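Worksheet: the structure to be examined is printed underneath.
2 protein chains.
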Amino acid sequence: MRHAALLAAALALLAAARPAAAQDLIAGTAAVRDKAISDTTAWDVVESLTTEVGPRMVGSPAMTRARDWGVATLTRLGFENVHLEPFTTRAWARGEERAEVVAPFAQPLAILGLGGSAPTPRGGLEAPIVIFPSYQALLDVPPGGLTGKIAVLTQRMSRTQDGSSYGAISPMRFLGAGEAAKRGAVAFLVRSVSTADTRLPHTGAGGEPGIPAAALSTPDAELLERMAARGQPVVVRLSMASRVIPQAQAWNVVGEIRGSERPGEVLVVGGHLDSWDPGTGAIDDGAGVAITTAAARLAGSAGRPRRTIRVIMWGSEEQGGSGEAYAHAHAGEIADMIVVGESDLGAGRIWRAALPAGAREHPAMQAFARAVVPLKVDVSRDAARFGGSDVEGMIAAGAPVIEFRQDASRYFDLHHSADDTLDKIDPAEMSQAVAVWASFLYATANSDVDFRTLKARP
Amino acid sequence: MRHAALLAAALALLAAARPAAAQDLIAGTAAVRDKAISDTTAWDVVESLTTEVGPRMVGSPAMTRARDWGVATLTRLGFENVHLEPFTTRAWARGEERAEVVAPFAQPLAILGLGGSAPTPRGGLEAPIVIFPSYQALLDVPPGGLTGKIAVLTQRMSRTQDGSSYGAISPMRFLGAGEAAKRGAVAFLVRSVSTADTRLPHTGAGGEPGIPAAALSTPDAELLERMAARGQPVVVRLSMASRVIPQAQAWNVVGEIRGSERPGEVLVVGGHLDSWDPGTGAIDDGAGVAITTAAARLAGSAGRPRRTIRVIMWGSEEQGGSGEAYAHAHAGEIADMIVVGESDLGAGRIWRAALPAGAREHPAMQAFARAVVPLKVDVSRDAARFGGSDVEGMIAAGAPVIEFRQDASRYFDLHHSADDTLDKIDPAEMSQAVAVWASFLYATANSDVDFRTLKARP
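As you go down the protein sequences, you meet chains E and C in turn.
Here the first sequence stands for residues 386 to 843, where the numbers follow our numbering.
Here the second sequence stands for residues 386 to 843, where the numbers follow our numbering.
This is how it looks when you write it as structure tokens:
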């Protein structure tokens, strides 16, 4: 009894030593986290988007349906000030695509044009291939060294938890066609930027307006390597159609939970609503839309937050333009943004949170850090930097940024391919990600932590 | 010293008690097994077939190239009496295929026509779907109950080590279109008979001459289920072309290692050379061709065997006809066949061997049983029964059969899909399978064990 009484007294003293507001924030954040784990909003959102809209390329009729879906979804979930912010951007639309080896061993090839690729002449083109096992090997070729040839780049991608191999290898897809064209190539084929061994190619931006450019499935890239290793010239026939919409109409879809005390201080989060076309845009980026929408709703579910939480479904991440349009239209409000962040690395669990510079040590972030301990998330000693393509413009203009790093081990098996479908999402993993975002949004929207000031510290 | 001397004496007695021939057989079989583990013949064969020929449907130009490849390969590997045995069979050739949901949520669908499917009318057909979660649910529909509808069968396949789930579920693919047609359906879509979640459909025999029939990828089957669950009519547009070659020319490719003492006693083994078209026929059944060819060559590598080992590359397993043609042409010789077997379950490791009835207890099979212990293969108490589609006719006519059961856990992820490519083969697993086949062929071709006599025992 004496021991118990002492313990109770000690706990009471400890509690008293911590301000009541901080206590409330810790308890409130934990409650939001717990609610998120069993909440099905994120699943319902991505299930709805992939089932009722499916693939949604900027400039396509499906993107218009996605826009209406976005407004209806935010409205249905109780967001305020739901509206569209229109902009225009250059969009590329895929046509029929076909490739085959014609000599020495006739076989069909599985390809998928890269976004921005030029079409082939009507009736296709036929040329011998030159294999490059690395991007550097292609860059080593002097001007004119690929005249009349199809450049085939077969560099392999490694599997990484943090997805960093994508940044390391994707220049070969973004820039390879242009580099091949400079050297006289008539077309460019690149091994899919992918960690999978399925015979589904992975598209992505990188087509060069000058020459046709397509991704090969990884088995097809290896098939061409084996054929070429036999020493005879390998001739490929390629037929690709596409068109460009120079000024495609696009929209950012916006909704808010207005702050009760300081509505002018805004937390800006979201995912991108557009997708590539082979899959249904489940992990890229239906999941990001779903996670941030669900997290914002959860953060506001215990009563209106003190600051405003704004959710944006960006309308043209894959082909570019939505982040630029938003930052441009809101240039005058960026100083009011407490923090910005985009969820765009799938539906996997978060293993690390990176906060704005100086925030990790701030007492107000303890509510967040405590909440995510049971979720097995650590808070990085390094400050967040990237945040996502659609928030780059705001970051450049001075907005503080967060990064919640998801396990990307399997992400590049699926990314930009027909395999990006709902069944690849593990609802439990996605709920964990929602819980992390919701905990952060709740703790930040209901505290006085000001990352803008912290950021200014030396 | 006394103990050692006693042991040596005992071992000498034991050795004397076992005939020298049996000793030689045990040692010879173990030597063949060891050689097989590091032998690359099987890999080289399947690498060559998938790279230099690729997909090879009966009746296609590629099948003619496969035939020539088969003759060249057996000849190069030193087989004797290499020859073709021509036959004709009904063949189906795929044309352009396309499917999409047109209402309530426009989305493309990934399909692949089933072998034998009727084409749609030019311009395609459009009809509401009816989902059946099980084959039985479809069978429960009365005649006329599907008039004007597209029947969509979404029963799921389970993953099994022995592949037995294929036999359990494949009737829905083989017979579903016919059953749907009987009930008035205008087309039939079936969830791929597959254990994978990739967006690649799995084809196979089963099309009904009456109505168009196609496999849906597993994500697409689930997409249609989710759309249908919303309660509005789901309308699908389907466009499929195909043609039938009633009397396609086909060939069984045959080579032998002639027996030195009893050449008239023949061991008949092989795989099938034809394949479906989406992949390159690596696991189905380039691997079976490679495993049996390599095993026969290894069994003959220590000197001519006493009996004849015959390797057959059957020319039309997928669409039927090669086993029937062979059994018919050789009806008079089946009594001379010591054993028959086909390798047609991929390139995975063998975990169990099933021998002809009564053989397990026969002393001559000890050389085989001993050889495969380190390969982690057990010899089944149950006799072999099935053996493979191409040897069914010979079994029915009385030929003894063997079955070497491969781990099929991953086989139906790949089978009949575009994912059936060389990179899915693990060379070490395939070498283990070669070692089992080679051990059996060596032990049997060099002993007096007569399964025909054993089989006759009560």
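For each residue, glycine too, the CB sits at the ideal point set by N, CA and C.
A quick note: this is a predicted structure, and the numbers were derived from the prediction, not measured.
In whole angstroms, give me the CA-to-CA distance for residue 519(E) and residue 488(E).
Between the alpha carbons of residue 519(E) and residue 488(E) lies a distance of about 24 Å.
CB contact below 7 Å: residue 815(C) versus chain E:
No, because no Cβ of chain E sits closer than 7 Å to the Cβ of residue 815(C).
Unbroken beta strand (DSSP E) run spanning residue 433(E), endpoints:
Secondary structure note for residue 433(E): it is in no beta strand (DSSP E), and the uninterrupted alpha helix (DSSP H) holding it is 426-437.
Going along chain E in order, which residues have a C-beta closer than 7 Å to the C-beta of residue 437(C)?
Those within 7 Å of residue 437(C) in chain E are 490.
For residue 546(E), which residues from the same chain have a beta carbon less than 8 Å from its beta carbon, with the 5 sequence-adjacent residues on both sides left out?
Non-local beta-carbon contacts of residue 546(E) in its own chain, meaning distances under 8 Å to residues more than five positions away in sequence, involve 736, 792, 793 and 794 in chain order.
Per DSSP, what kind of secondary structure is residue 841(C) in: helix, strand or coil?
Because residue 841(C) carries a pLDDT of 47, less than 50, the predicted location of this residue cannot be relied on, and the following value inherits that uncertainty. Residue 841(C) falls in the helix class under three-state DSSP.
Contacts that residue 804(C) makes with chain E (C-beta to C-beta distance below 7 Å):
Residues of chain E whose Cβ lies closer than 7 Å to the Cβ of residue 804(C) are, in chain order, 583 and 584.
According to DSSP, simplified to helix, strand and coil, what is residue 634(E)?
Note: residue 634(E) maps to strand in three-state DSSP.
Counting only Cβ pairs nearer than 7 Å, list the residues of chain C close to residue 604(E).
Chain order gives the chain C residues near residue 604(E) as 806 and 808, where near means a beta carbon separation below 7 Å.
In three-state terms, what does DSSP make of residue 757(E)?
Helix, per DSSP.
Does DSSP classify residue 810(E) as helix, strand or coil?
In this structure, residue 810(E) counts as coil in the three-state DSSP scheme.
Taking the alpha carbon of residue 577(C) as the point to measure from, which residue in 561(C), 466(C), 565(C) and 534(C) has its own alpha carbon closest?
Checking every option, the nearest Cα to that of residue 577(C) belongs to 561(C).
Given a cut-off of 7 Å, decide if residue 471(E) and residue 636(E) are closer than it, judged by their beta-carbon atoms.
Between residue 636(E) and residue 471(E), the C-beta gap is smaller than 7 Å, which places the two residues in contact.
Cβ distance (whole Å) where residue 430(C) is taken to contact residue 679(C) below 8 Å:
Indeed, because the Cβ distance is near 6 Å, the residues count as touching under 8 Å.
Say whether chain E places a C-beta atom closer than 7 Å to the C-beta of residue 643(C).
At a cut-off of 7 Å between C-beta atoms, residue 643(C) does not count as an interface residue with respect to chain E.
Taking 8 Å as the threshold, find out whether the segment 530-541 of chain E comes into contact with the segment 499-506 of chain E through three or more Cβ pairs.
Touching, no.
Let me know the secondary structure DSSP gives residue 374(E) once reduced to three states.
As shown, chain E starts at 386 and ends at 843. That puts residue 374(E) outside it, with no answer to give.
Short CB-CB distance (under 7 Å) between residue 703(E) and chain C
No, residue 703(E) lies away from the interface with chain C (no Cβ there is under 7 Å from its Cβ).
What did DSSP end up calling residue 649(E) once you bin it into helix, strand or coil?
Looking at residue 649(E) - three-state DSSP - the assignment turns out to be strand.
Let me know the secondary structure DSSP gives residue 586(C) once reduced to three states.
Residue state for residue 586(C) is assigned as coil, using DSSP reduced to three classes.
Chain-ordered neighbours of residue 482(E) on chain C, where CB pairs are closer than 9 Å:
Contact of residue 482(E) with chain C by beta-carbon distance below 9 Å is absent, the smallest such distance being about 14 Å.
Using a Cβ-Cβ cut-off of 7 Å (strictly less than) and excluding sequence neighbours within five positions of residue 817(C), which residues of its own chain qualify?
So the list reads 734, 735 and 760, once near-sequence residues are dropped.
Quick one: what's got a C-beta closer than 6 Å to residue 801(E)'s C-beta in the same chain, skipping five residues either side?
If we look at residue 801(E) and ignore the five residues flanking it on each side, its Cβ neighbours are 587, 588, 589 and 661.
Is the CB-CB distance between residue 594(E) and residue 644(E) below 7 Å?
Not a contact, by the Cβ cut-off of 7 Å.
In whole angstroms, give me the CA-to-CA distance for residue 638(E) and residue 720(E).
Rounded to the nearest angstrom, the two C-alpha atoms are 21 Å apart.
Which chain C residues sit within Cβ distance under 9 Å of residue 612(E)?
Per Cβ cutoff of 9 Å: 436 and 437.
Span of the alpha helix (DSSP H) around residue 455(E):
First-last of the alpha helix (DSSP H) with residue 455(E): 446-461.
CB-CB length for residue 419(C) against residue 607(E), believed under 8 Å
Their Cβ separation, rounded to whole angstroms, is 30 Å, which puts residue 419(C) and residue 607(E) out of contact at 8 Å.
So, is the C-beta of residue 607(E) closer than 7 Å to a C-beta in chain C?
True, the Cβ-Cβ gap to chain C drops below 7 Å.
With 9 Å as the limit, tell me which residues of the segment 490-522 of chain E have their beta carbon closer than that to any beta carbon of chain C; keep them in chain order.
Listed by position along the chain: 490, 491, 492, 493 and 495.
For residue 442(E), three-class secondary structure by DSSP:
Coil.
Where does residue 615(C) land, buried or exposed, given buried means 16+ other C-beta within 10 angstroms?
An exposed status is given to residue 615(C), since fewer than 16 other beta-carbon atoms sit within 10 Å of its beta-carbon.
In this structure, what does DSSP give as the bridge partners for residue 657(C)?
Paired residues: 699(C).
Where residue 455(C) meets chain E, residues with beta-carbon distance less than 8 Å:
Within chain E, no residue has its beta carbon less than 8 Å from that of residue 455(C); the closest one is some 15 Å off.
In or out: residue 713(E) buried (at least 16 other Cβ within 10 Å) or exposed?
Flag for residue 713(E) reads exposed.
Starting from the N-terminal side, write out each stretch of the beta strand (DSSP E) that is 3 residues or longer and does not extend beyond the segment 490-574 of chain E.
Scanning the segment 490-574 of chain E from its first residue to its last, the whole beta strand (DSSP E) runs of 3-plus residues come out as 492-494, 496-498, 510-517 and 535-538.
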